[in-house]
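Chemist:
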Amino acid sequence: MVALPQGLIPAPRLKPAIRLAQAVSEYEADLTGDQKAQFNHHRARASQKPPSIQDVMQLTAEIDEQLSTKFRGRCLGTRTTNFLQSVQQFAALGDTLVGGSQNLVASGVWALVRTSLMLILQFSTYFEKVSSLFMVIGRSAPRYEKLALLYPRSKDLQSFLFEYFGVVVRLCHQMLRFTQKSTIGKIGATLNDADLISFQSQLESWAKEIRDEANYLMAQRIEEQASLVTQIWSRKPSKEVTHQRQMKAYLNALDFCSSYDYMSTWKQLRKAGSTTLFRQFSPYVEWRSRVHSSSLILTGRLGFGKSVLLANIVDDLHLFAQGQNVSVAFFFCRHDMPASLRPRTIIGSLARQLLWRAPRLQETSEAYNLNDDLDEYASIRRLLDGTLSPSFRAFLVIDGLDECEVADRQVVLQELRWLQQKFSVLLCQSVRKEPRDPHGIDPEWEELADPLIAAIPDNSSDIEAFIETELEDRIKSGKLTMRDPLLVLEIQDALLKGSQGMFLWVALQIDNLCAMGTDESIRQALADLPQTLSGTFSRILRRVDDSSIAKSNQRRILELIVAARYPLTLDELREALSVVPGDTVWDSAKLINDIFATLACCGSLLTLDEEENTVRLVHGSVRQFLIGPESTNESKFTFHEAHKRMTDTIVTYLNYGIFETQVSTRVIPQLQSSSAPAAIIRSNLAVPSAARELALNLLKLRRTPGFNMGKTMAQYRPRPETVSNHDFRFLTYAKCNCLYHILCTLQTASEASNPDDLLLRLLNGPILDLEKSDEINKLLLLAAERGIEPIVTLLLHSGKINPNTADSSGRTPLHLAASSGHDAIVKNLVDSEKVDAGIADEKGQNALHVASLNGHDSTVRLLLESGVVNINATDHFDQTPLHLALQRSSNKSTAKTILSFPSAKLDLQDSEGQTPLHRAIAYGNTEAAAILLKSGKVNLNAQDKLGQTPLHIAALTLGTELVAKELIGLESTDPNLLDYNMGTPLHRAVKSANIPVMRILLDSKRLHQPFEIHGHGINSKTRTIMHVAAQHGNIGVTKTLLEYEGVDCNGTDTYGKTPLHYAARRGNAGFVKVMLQSDGIRPDIQDNYGRTPLHAAVMHEHNYIADLLMASGKIRGDEVDEDGLTAFDYKAILNNLTSGPGSATSREAIISARRRREQEEFVVSP
């Protein structure tokens, strides 16, 4: 073999890391002196302190700031955010590289990307094209926060990253070369489409390699990871090992706070428009300059641009914070993202941003166990408190809390108040001002630290500029056409006049005008502009064709978008709209060809996000317009209807037979064009773009002799593969959210109904991974509660769920089914060996308890006959099922059912000391009481915590005379027992005016001294039954007592007071009248202080009673008390007369003293 000369041997290809370093050096070499100085400054800074997400935000803010200053147009800086995040994370690998040469390379990439973007800003057209490219590649850019952990574990990953950023550097170098060309050279030097496609293709290719490798590394089992890391770290210095451990703790702490994508909503709002009004707005300027915790509450009506304003404020604060030791955090709630309305998401996202740069985060997270028993908010507070210094300062911007439920908003505000108390937190918050309450806001906002409440600044200048810009853009793009050029001025004036400060209203009106075909129709629309947003929405929806198909499409689209758990992509919505509910045969011919034409029926109420490619409502007010309870528009539908539409769509879609099979490998068919049926051609078209290209080729080549159409078609057919998410774009959403929509449909339905066969087949099939879904347990609980027996049976027999799963109140499916009386479900559950019927909920109640409480007689019998529950089980209040069954008067049959089982203990007392007999009498269940009394197993004199026996309860409860009669007829019943307030059953009957029971007790002749009360201890005050009657003043009770011999109308208590004293003092005129008519009544009896009932009446200004007493002729009125004063003396004093001893003032003092003493001596009735 002849050896090649040394000079002819090909040089080996350099390693990716070296080639990347060379590319950075070549870029640096082409910079001017000033540019090189800036580049080196940013590289050195990134090398010493790796860039963070805040640096990304500051850079995009700088870009938009310069664009708005030099050019009037859209905000393009946010287009680059995703891409810049990937560069920032690569540059942050400097920490992982621990100061190696690669650290300078990674920092250099960040510096040159930053430099290139700032240089290219001078050329608006060129920058728009570059920003669009960055936005597209940003969708697939490698953004992995765990990159620092994955990087050391894979040489392939390292190589792929270097290759990716090598392409980035080459792209930036080409941008640099463009800026260095002469003016004439720039004219023909703009990037052409081929250049863009080449860079995009290379970057997406390497991004896929990085993604696949990262997914592989993250998907490895924990044991494999531990083994691999041990092997790698065993060969590394301990410093690097320690750094990796700290990095892992740091990332775990951030992930614990939140992994929600809070950036996307801000980017969408920031792209919506720019404003600088707030920079001259004195409340904002004052708030921004404060040092200590303060709150700026900006109020404004719906559609006034509050969210866009706050999105701009986020940029301004990032620019303001440059060079200062202050953080900026923000969160924007979204009406169509339920996760964004949860307090845990909001607080967690804010905490993550505040902790991003905290140097002690890894130490704190290692010191605390974030998964301990503390609630998550307490864990976040502990993390913040242990990591941030007391002097920590931050700006917080929050928008859209109005969209949250009141209780959720209260949680957020509570946590914000804690933050402001602990640290210097300057909060800027928007609050919607409702038209019905234009002058104030809810007081809850004013509880924030040092609140500064201000209406958003007058935006008339911004509105005017917005109108001018939008009209200019529409005219240039050809969307708005008119024959009369002066018409544009009419449009401008009309929009400015009718806007009322609402950007949304203006934008929608312009969209509507663009659809007008003549100058006359535009003028007619201007003459009849709707004044409100609701009127605007209605007009847009009415513009749809009168055809049933268009109206049907409009409703389907809006229902799907409203129901979606998060915004659907264009491709997902296209597939969803192509589904025919109930038709489980997938047919590509049914796919919508032009999704934009289909969506056009909804007009400008829908918007497409250019970056995420998602379709959503243009504003949250549209959602309220469509499903709000106060909405009266003809397009209105319910939340249930929306979820029913989505559920039917998903269930049908997931039942496609194609998902249960695989597509076979295809070979190139030899087909002559003359023999190819059109159906075969259509069945093999992959995407509409391929279809267009193939159709054009077929038209040109069909007449060519010997043309092999099969070979041509094969070029456009997709590679052999199984059906995947890539082919069926709606599949991932459908699988992940199927159970959620089923739950929402069942929860919002007015009544439960049995599911159709498709739903049952889906739940029983393999496509849904039920074992890994949290929502399957919720479905089981809901189905059990609502009585949907087929679903419960299917899930129970699937073996894929835990039949003892519990809700937030600790209630299992058996609890819920028993509580609602769904016997078929209860039987299925108790027949299962896996179901534990004895599980207690948070109240300590099992299924028998809840069935008994709700009066489901057949369910109670079923449970008891099954033998799986304890009939005498007690809850946290020591209540048995019998106690609960007796608690409601409507549960009479349920109580009788329990009593029919011999094992039931009938004398158990609950935590209040009540037995079932107490409970039966108290709730009027006389049948159960009779059964208990006849059983002979109850203690008739059992006393509860108030000392009350069943007979006391009967005396206090109206309608219990039959039970009282039966009780008093039993020899073992003691009718003379005193309760702990020294009252007998008779006293209780008198107090509650239970006259039938009073008569039963008095007629029984079993009462000892029925008309006297002898107390002891603190209640050692003797009084009669008439004293009790006097205090409560029931005329019927008084007359009834007077019928019985032995009643003493003039009996005195310990203080010498008669019943008339009490009645006079209390103003019970009816009692006084009846008593004065009785024989032997003496109203002139004086108490221990010499005062008569007349004294009491006068002293308490019951003049009518005083007149009754004097008119009886049984009292003179000249009786004097121990102070020598008559009742008339007291009356004179009260009338401010000077008669009697002493001055009026001193006598009033005497009266006041007497009253106080009498109040203390007054005997409270038992």
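Residue numbers in the sequence shown follow full-length UniProt numbering, run continuously in steps of one, and reach 1166 at the last position.
In this text, a Cβ means the ideal position worked out from N, Cα and C, and glycines have one as well.
Just so it is clear, the structure is predicted and the values come from calculations on it, not from any experiment.
Could you tell me the alpha carbon to alpha carbon distance between residue 1238 and Gly-305, rounded to whole angstroms?
Modeler: Nothing about residue 1238 can be reported from this structure: the residues present for the chain run from 1 to 1166 only.
Chemist: Pick from Glu-403, Leu-951, Lys-905, Leu-796: whose alpha carbon is nearest that of Gly-936?
Modeler: Here the question's residue 936 lines up with position 936 in the sequence shown. Nearest of Glu-403, Leu-951, Lys-905, Leu-796 to Gly-936, Cα basis: Lys-905.
Chemist: Is the distance from the Cβ of Leu-1134 to the Cβ of Gly-1117 below 8 Å?
Modeler: Your numbering for residue 1134 matches position 1134 in the sequence shown. Your numbering for residue 1117 matches position 1117 in the sequence shown. No. Outside cutoff.
Chemist: Quick one: measure Cβ to Cβ for Arg-342 and Asp-408, integer angstroms, because I've assumed they're closer than 8 Å.
Modeler: Translated into the one-based positions of the sequence shown, residue 342 becomes position 342. Translated into the one-based positions of the sequence shown, residue 408 becomes position 408. Confirmed, about 7 Å.
Chemist: For Glu-748, which residues of its own chain have a beta-carbon under 8 Å away from its beta-carbon, when the five flanking residues on both sides are left out?
Modeler: Numbered from 1 along the sequence shown, position 748 holds the residue referred to as residue 748. First, the residue type needs correcting, since residue 748 is Thr and not Glu in the sequence shown. Result list for Thr-748: Thr-638, Phe-639, His-640, His-643, in chain order.
Chemist: According to DSSP, is Gln-54 helix, strand or coil?
Modeler: In the sequence shown, residue 54 corresponds to position 54, counting from 1. In the structure shown, Gln-54 sits in a helix (DSSP, three-state: H, G or I).
Chemist: Quick one, are the C-beta atoms of Val-598 and Asn-553 less than 8 Å apart?
Modeler: Numbered from its first residue, the sequence shown carries residue 598 at position 598. Numbered from its first residue, the sequence shown carries residue 553 at position 553. The identity of residue 598 in the sequence shown is Thr, whereas the question assumes Val. Cβ distance < 8 Å, so Thr-598 and Asn-553 count as in contact.
Chemist: Quick one, which of Pro-530, Ala-1069, Leu-59 has its alpha-carbon nearest Leu-317's?
Modeler: Indexing the sequence shown from 1 puts residue 317 at position 317. The residue with the shortest Cα to Cα distance from Leu-317 is Leu-59.
Chemist: Hey, out of Glu-163, Met-57, Asp-156, Pro-50, whose CA is closest to Leu-20's CA?
Modeler: Position 20 of the sequence shown, counted from the first residue, corresponds to residue 20. Minimum Cα distance to Leu-20 is reached at Glu-163.
Chemist: Let me know the alpha helix (DSSP H) ranges lying completely inside the stretch 294-332, each 4 residues or longer, listed in chain order.
Modeler: Correct list: 306-321.
Chemist: Which residues bound the beta strand (DSSP E) around Ala-455?
Modeler: As a working mapping, residue 455 is identified with position 455 in the sequence shown. That run of the beta strand (DSSP E) goes 451-455.
Chemist: Please identify the residue among Ser-1004, Gly-108, Thr-80, Phe-178 whose C-alpha is closest to the C-alpha of Phe-134.
Modeler: Counting from one through the sequence shown, the residue named residue 134 turns up at place 134. It is Thr-80 whose Cα lies nearest to the Cα of Phe-134.
Chemist: First and last residue of the alpha helix (DSSP H) that includes Leu-31?
Modeler: Along the sequence shown, one-based indexing puts residue 31 at 31. It is not in any alpha helix (DSSP H) - Leu-31 carries neither H nor E in the DSSP assignment.
Chemist: Going residue by residue through the stretch 350-401, where are the continuous alpha helix (DSSP H) segments of at least 4 residues, counting only ones entirely within it?
Modeler: Fully enclosed alpha helix (DSSP H) runs of 4 or longer: 361-367, 376-387.
Chemist: Would you kindly work out how many angstroms separate the C-alpha atoms of Arg-761 and Val-579, rounded to a whole number?
Modeler: The residue labelled residue 761 in the question sits at position 761 within the sequence shown. The residue labelled residue 579 in the question sits at position 579 within the sequence shown. One C-alpha to the other measures close to 18 Å.
Chemist: Around the C-beta of Phe-596, are 16 or more other C-beta atoms found within 10 angstroms, so that it is buried, or is it exposed?
Modeler: Numbered from 1 along the sequence shown, position 596 holds the residue referred to as residue 596. Exposed, since its Cβ has fewer than 16 Cβ neighbours within 10 Å.
Chemist: Which residue from Lys-1039, Cys-257, Thr-115, Ala-214 puts its Cα closest to that of Val-168?
Modeler: The count along the sequence shown starts at 1 and reaches residue 168 at position 168. Ranking Lys-1039, Cys-257, Thr-115, Ala-214 by Cα distance to Val-168 puts Thr-115 first.
Chemist: Of the choices Ser-461, Tyr-377, Tyr-250, Leu-568, whose alpha-carbon is the least far from that of Ser-365?
Modeler: In the sequence shown, the residue the question calls residue 365 occupies position 365. Among Ser-461, Tyr-377, Tyr-250, Leu-568, the Cα nearest to that of Ser-365 belongs to Tyr-250.
Chemist: Please report how far the alpha carbon of Thr-926 lies from the alpha carbon of His-849, in whole angstroms.
Modeler: Taking the first residue of the sequence shown as position 1, residue 926 is located at position 926. Taking the first residue of the sequence shown as position 1, residue 849 is located at position 849. Taking the straight line joining both Cα atoms gives about 21 Å.
Chemist: Less than 8 Å between the C-beta atoms of Thr-265 and Phe-332, yes or no?
Modeler: Taking the first residue of the sequence shown as position 1, residue 265 is located at position 265. Taking the first residue of the sequence shown as position 1, residue 332 is located at position 332. Closer than 8 Å, so yes.
Chemist: Please look up how many angstroms separate the CB atoms of His-741 and Ile-627, rounded, as I've assumed it's under 8 Å.
Modeler: As a position in the sequence shown, residue 741 is number 741, starting the count at 1. As a position in the sequence shown, residue 627 is number 627, starting the count at 1. Between Ile-627 and His-741 the Cβ distance is about 15 Å, and since that is not below 8 Å, they are no contact.
Chemist: Would you say Leu-853 and Pro-813 are within 8 Å of each other, going by their C-beta atoms?
Modeler: Along the sequence shown, one-based indexing puts residue 853 at 853. Along the sequence shown, one-based indexing puts residue 813 at 813. Their beta carbons are not under 8 Å apart, which means Leu-853 does not touch Pro-813 by this criterion.
Chemist: For the alpha helix (DSSP H) that Arg-542 lies in, which residues bound it at each end?
Modeler: Taking the sequence shown and counting its residues from 1, one reaches residue 542 at position 542. Counting along the chain, the alpha helix (DSSP H) containing Arg-542 begins and ends at 533-542.
Chemist: Could you pull out every residue in the same chain whose Cβ sits closer than 8 Å to the Cβ of Asp-261, ignoring the five residues on either side in sequence?
Modeler: In the sequence shown, residue 261 corresponds to position 261, counting from 1. Excluding sequence neighbours, Asp-261 sits near nothing in its chain.
Chemist: So what does DSSP say about Val-1120, is it helix, strand or coil?
Modeler: Sequence index remark: in the sequence shown, residue 1120 carries index 1120 (1-based). DSSP places Val-1120 in coil when its eight states are reduced to three.
Chemist: Hey, could you find the ends of the alpha helix (DSSP H) Thr-859 is sitting in?
Modeler: Taking the first residue of the sequence shown as 1, we reach residue 859 at position 859. Taken as a continuous stretch (DSSP letters only), the alpha helix (DSSP H) holding Thr-859 covers 857-866.
Chemist: Is the beta carbon of Phe-83 less than 8 Å from the beta carbon of Gly-138?
Modeler: By one-based count along the sequence shown, residue 83 stands at place 83. By one-based count along the sequence shown, residue 138 stands at place 138. Taking 8 Å as the Cβ cut-off, Phe-83 and Gly-138 qualify as a contacting pair.
Chemist: Take the Cβ of Pro-755 as the centre, count every other Cβ of all protein chains shown within 10 Å, and call the residue buried at 16 or more, exposed below.
Modeler: Indexing the sequence shown from 1 puts residue 755 at position 755. Under this definition Pro-755 is a buried residue.
Chemist: Note down, in chain order, each residue of its chain lying with its Cβ closer than 7 Å to the Cβ of Ser-911, except the 5 sequence neighbours on either side.
Modeler: Locating residue 911 in the sequence shown gives position 911, where the first residue counts as 1. Closer than 7 Å at the Cβ level, and outside the excluded window around Ser-911, lie Phe-877, Asp-878.
Chemist: DSSP three-state call for Arg-270: helix, strand or coil?
Modeler: For this step, residue 270 is matched to residue 270 along the sequence shown. Note: Arg-270 maps to helix in three-state DSSP.
Chemist: In its own chain, which residues sit with a C-beta less than 6 Å from the C-beta of Asn-939, not counting the 5 before and 5 after it?
Modeler: Within the sequence shown, numbered from 1, the residue matching residue 939 stands at position 939. So the qualifying residues of the chain are Asp-907.
Chemist: Between which two residues does the beta strand (DSSP E) containing Thr-607 stretch?
Modeler: Counting from 1 along the sequence shown, the entry for residue 607 is found at position 607. Run containing Thr-607: 606-608, per the beta strand (DSSP E) assignment.
Chemist: Here's the rule I'm using: 16 or more other beta-carbon atoms within 10 Å means buried, otherwise exposed. How should Phe-901 be labelled?
Modeler: Stepping through the sequence shown from its first residue, residue 901 is reached at position 901. Exposed is the call here.
Chemist: In the structure shown, what three-state DSSP assignment does Arg-616 receive?
Modeler: For the purposes of this step, residue 616 is identified with residue 616 of the sequence shown, where counting begins at 1. Note: Arg-616 maps to strand in three-state DSSP.
Chemist: According to DSSP, simplified to helix, strand and coil, what is Ser-664?
Modeler: Counting from one through the sequence shown, the residue named residue 664 turns up at place 664. Caution is warranted here: a pLDDT of 36 is assigned to Ser-664, below 50, making its placement in the model unreliable, and no coordinate value can be reported.
Chemist: Under a three-way DSSP split, which group does Gln-429 fall into?
Modeler: On the sequence shown, position 429 is the one that residue 429 refers to. In the structure shown, Gln-429 sits in a strand (DSSP, three-state: E or B).
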